Amino acid sequence: MGTMIIDNKKVEFSNEKNVLEVIRKTGIDLPTFCYYSELSIYGACRMCIVEDKWGNIFTSCSQLPKDGMSISTQTPKLRRYRKNILELLLSSHDRDCTSCNITGRCDLQKLARRFGIEEIRFGELDKKLPIDDSSHSIVRNPNKCIYCGDCVRVCEEVQGVGALSFTHRGSDLRISPAFNKGIGEVNCVDCGQCRTSCPTGAITVKDDREDFWEVIWDKNKRVVAQIAPAVRVALGERFGMEAGEVTIGKIVASLKKVGVNEVYDTAFAADMTVMEESEEFVQRLTSEENLPLFTSCCPGWVKFAENRYPELENNISSCKSPQQMFGAVVKEYYKEKDKEDGKETVMVSVMPCTAKKAEAAREEFEVDGVRDVDIVITTNELARIIKEMGIVFDELEDESLDMPFGLASGAGIIFGATGGVTEAVVTRLLKDKPDHTEKQVIFKNVRGMDNIKESIFTVDGREVKVAIVHGLKNADDLIKMIKSGERYYDFIEVMACPGGCVSGGGQPSPVDTELRKERAKGLYKIDRTSFIKSSDKNPIVSKIFEDMLKDKKHLIHVHKK
Amino acid sequence: MLTSEMIETVDTIINEHDNNQSSIISILQGIQREYRYLPEEALNYVSDRMDISSSKIYGIATFYENFSLEPKGKHIIKICDGTACHIRKSQPILDALRKELSLSEDRITTDDLLITVEMVSCLGACSLAPVVNVDGVVYAKMTPSKTQALVRKIKEGQLSEDN
Ligand code: SF4
Ligand code: SF4
Ligand code: FES
């Protein structure tokens, strides 16, 4: 507690963890490259410098606020320093801005403009490092790296993976996976959180738009799209709308304009997952085998478990994720029709997630030589497709999803937020379906952004202990507690990204807890207004289980090769 | 390939340091002493056992000059290229050695893993320039032909006896 003087104004502070937070509270957008409130403080970029009354300069991100402290955020000296820092950063930075994947969204570019850098006094580096495109999800271009270390800290501190580190030293300093391998050859789980925190184009999402355009123009292809829940509450941000604003109607309209034949809802397949996974859970509860049951819908988590806890293989649900279930069902559904029409169905999924790209490419997701999912594009790639087409997104008339697979329950929609899968599965298992007011009470501990959430439900007279984690570091901590015997659960939901799919690696960035909450709110709002409350009440899902999947359940389960 | 011998060796080294994460540098030194370089399999094993990511271990191993990720020769010849040695013609010594052993800037160890040739900055013996250090022993006022003679001794297996 205390009072500071910032730019000659008195400012109260309470528990802000550094001077930077206090400054930002006053509405001044002090520039930073290496500060994220959720990560440890690194203090490397020096953009956040301030000057005290004696002319000393220090980084505000690494200084505790003190009572009576007096600082300025704008002085001739600070301006000169900041410009110098930017020029130095730019001097060793690749200069192909126009053809950069994130041009217009790059923090380095934004700050260079903001501080009026019109010319770089230093020559360009002639040594170019190779681009790492070994992964299905992300591409690393070390020539654009400014060594802020954000990716290193996210991967280590939030995801507990540590796929990237600072290596070598001096002028050879680099960000690299172990043994200078490609990021696709190490323990990276494709979550893309390093992308959402990278201020430059040094880490980008693998761009699959060309593949998309190719099938769109091909008259022999039936292009069928599925839209994941979290896309509809974030895409609008790229067009000036508020986070959490639901834009599914406009997404359908734009995809139709672009030339997609059928637009369906991944939440439909989420309903299928709920049905199948609940059945699996009940079986395991009865036989007391392979408990706890871990969810399988997040491919980042699945890969993390494979890398670090291979012994958990049988505890992870054998259900395919909604994306893959959807692909398998759609391919089966159009099989005959494709023959009649002489067409080939292509499954395109629009996902908030970079790991979904890697998931779709896994070798086991193929039935008789037909891939479940052919192309995965992220929310950001869809935004660029819409922009490329010149569609004025915010003015589009809403269109509705196609039938039959455009029908989903509210339970399927909330899959996109942490706790959503648990809520959907438990709702399915409860005999007396709760209404929305009751849900808010029953699922109070399941919703929200706490690192590890726990709850106890009574299903058929048996007490069921449930845990929910998001962020793989939290998952790792939880598993360690289970292994040590400190905790016991029957059901565990894991989402790799903090907040769940709403803050996946393919979503607009930067993201913080507030934004995650806004996006999640959007999903709960859809749930509140949806007329199908529970997955078992989705009539089309029931029909698919009765007819198509009657003796083809293998289509929706994982069969590892 | 991670062999059971390697696991045993690395386990011993890790246990000597009580599996303490902050002793990672000493542990790497121990491994390097054993294998004369840091084998990738050994580092991955350390990563699993000590819960330190292998990228971080790689970062440490590439930060310090003295760690090597490539197998090194049985004998290590260091040619000083500090200012004094450079002026007194250390470069021709290096060129002659590399030629004799078919090595280059990127290929510093002979295929039979007998000899590694490294260029280093000041060895701190400027008054003796140009100096060459073979397995820790300093040879003063060297010339290309004197150095070649040393190499022949190594090849004939006589050098270790001299020491
Ligand atoms: S994608 Fe995720 S796991 Fe891979 S390097 Fe980035 S943050 Fe780490
Ligand atoms: S890759 Fe991006 S996030 Fe990582 S250090 Fe470089 S600029 Fe920073
Ligand atoms: S934000 Fe303070 S040094 Fe980078």
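Heads up: the sequence lines are chains X and Y, in that order. Its first residue numbered 4, the first sequence is counted upward by one per residue in my numbering. Its first residue numbered 104, the second sequence is counted upward by one per residue in my numbering. Virtual Cβ for every residue (Gly too), placed ideally from N, Cα, C. Bear in mind that the values here come from a model prediction, so they are computed numbers and not experimental data.
Exposure of residue i, with buried meaning 16 or more beta-carbon neighbours within 10 Å
i         : result
Val-240/Y : exposed
Trp-220/X : exposed
Trp-57/X  : exposed
Gln-77/X  : exposed
Asp-265/Y : At Asp-265/Y, the pLDDT of 47 sits below 50, so the modelled position is not reliable and the matter cannot be decided from this model.
Ser-281/X : buried
His-557/X : exposed
Thr-203/X : buried
Leu-216/Y : exposed
Glu-208/Y : exposed
Ile-230/X : buried
Glu-496/X : buried
Ser-158/Y : buried
Gln-443/X : exposed
Glu-265/X : buried
His-439/X : exposed
Gly-176/Y : buried
Thr-250/Y : buried
Asp-184/Y : buried
Gly-464/X : exposed
Arg-522/X : buried
Beta-carbon contacts of residue i that lie in its chain and below 6 Å, excluding the five residues immediately before and after
i         : result
Pro-407/X : Ile-543
Leu-475/X : Gln-162, Gly-163, Phe-307 and Ala-499
Tyr-197/X : Reading the sequence as shown, one finds Cys at residue 197/X and not Tyr. Counting only Cβ-Cβ distances below 6 Å, and skipping sequence neighbours, we find Cys-154, Val-157, Cys-158 and Ile-206.
Residue i beta carbon near ligand 3 (any heavy atom closer than 8 Å)
i         : result
Phe-36/X  : yes
Cys-229/Y : no
Ser-200/X : no
Tyr-45/X  : yes
Ser-125/Y : no
Cys-148/X : no
Thr-78/X  : no
Arg-49/X  : yes
Thr-62/X  : yes
Leu-23/X  : yes
Ser-65/X  : yes
Own chain, CB closer than 7 Å to residue i, minus 5 neighbours either side, in chain order
i         : result
Ile-211/Y : Thr-219, Val-220 and Glu-221
Glu-402/X : Gly-252, Val-255, Ala-256 and Lys-259
Phe-170/Y : Leu-131, Gln-135, Leu-141 and Ala-164
Arg-124/X : Glu-90
Lys-359/X : Pro-302, Gln-326, Ser-352 and Val-379
Cβ-heavy atom distance, residue i to ligand 2, below 8 Å
i         : result
Leu-128/X : no
Thr-115/Y : no
Tyr-39/X  : no
Ala-256/X : no
Thr-165/Y : no
Asp-153/X : yes
Arg-531/X : no
Residues near residue i in its chain [Cβ-Cβ closer than 8 Å; skip 5 each side]
i         : result
Asn-21/X  : Ile-44, Ser-63, Cys-64, Ser-65, Gln-66, Leu-67 and Pro-68
Thr-6/X   : Lys-13, Val-14, Glu-15, Phe-16, Asp-70 and Gly-71
Tyr-267/X : Val-227, Ala-228, Gln-229, Ile-230, Phe-329, Val-333, Leu-404, Asp-405, Phe-408 and Gly-409
Ligand 1 heavy atom lying under 8 Å from the CB of residue i
i         : result
Ile-81/X  : This sequence places Leu at residue 81/X; Ile is not what is there. Checking every heavy atom of ligand 1 against the Cβ of Leu-81/X, none is found closer than 8 Å.
Thr-381/X : no
Leu-167/X : yes
Ser-140/X : yes
Asp-136/X : no
One or two residues paired with residue i in a DSSP bridge
i         : result
Ala-270/X : Paired residues: none, contrary to the question.
Ser-257/X : In the DSSP output, where bridge partners are listed per residue, Ser-257/X has none listed.
Gly-5/X   : Phe-16/X
Val-351/X : Ala-228/X and Ile-378/X
Asn-89/Y  : Nothing about residue 89/Y can be reported from this structure: the residues present for chain Y run from 104 to 266 only.
Val-373/X : Val-370/X
Ser-179/X : Ser-168/X
Met-222/Y : Ile-182/Y
Alpha helix (DSSP H) runs wholly inside the region 377-445 of chain X, at least 4 long, in chain order: The qualifying runs are 382-391, 413-416, 423-432 and 439-445.
Every unbroken beta strand (DSSP E) within the region 96-154 of chain X, with a cutoff of 3 residues, ordered by chain: The region 96-154 of chain X contains these whole beta strand (DSSP E) runs: 141-143.
Entirely enclosed beta strand (DSSP E) segments - the region 213-250 of chain X, minimum 3 residues: With a minimum length of 3 residues, the continuous beta strand (DSSP E) runs that stay inside the region 213-250 of chain X are 224-230.
Runs of alpha helix (DSSP H) wholly within the region 138-211 of chain Y (minimum 4 residues, chain order): With a minimum length of 4 residues, the continuous alpha helix (DSSP H) runs that stay inside the region 138-211 of chain Y are 143-153, 157-166, 186-190 and 194-204.
Beta strand (DSSP E) segments (min. 3 residues) lying fully within the region 15-86 of chain X: Runs found: 52-55, 60-62 and 73-75.
Sequence ranges, alpha helix (DSSP H) only - wholly within the region 431-511 of chain X, length at least 4: The region 431-511 of chain X contains these whole alpha helix (DSSP H) runs: 439-445 and 475-486.
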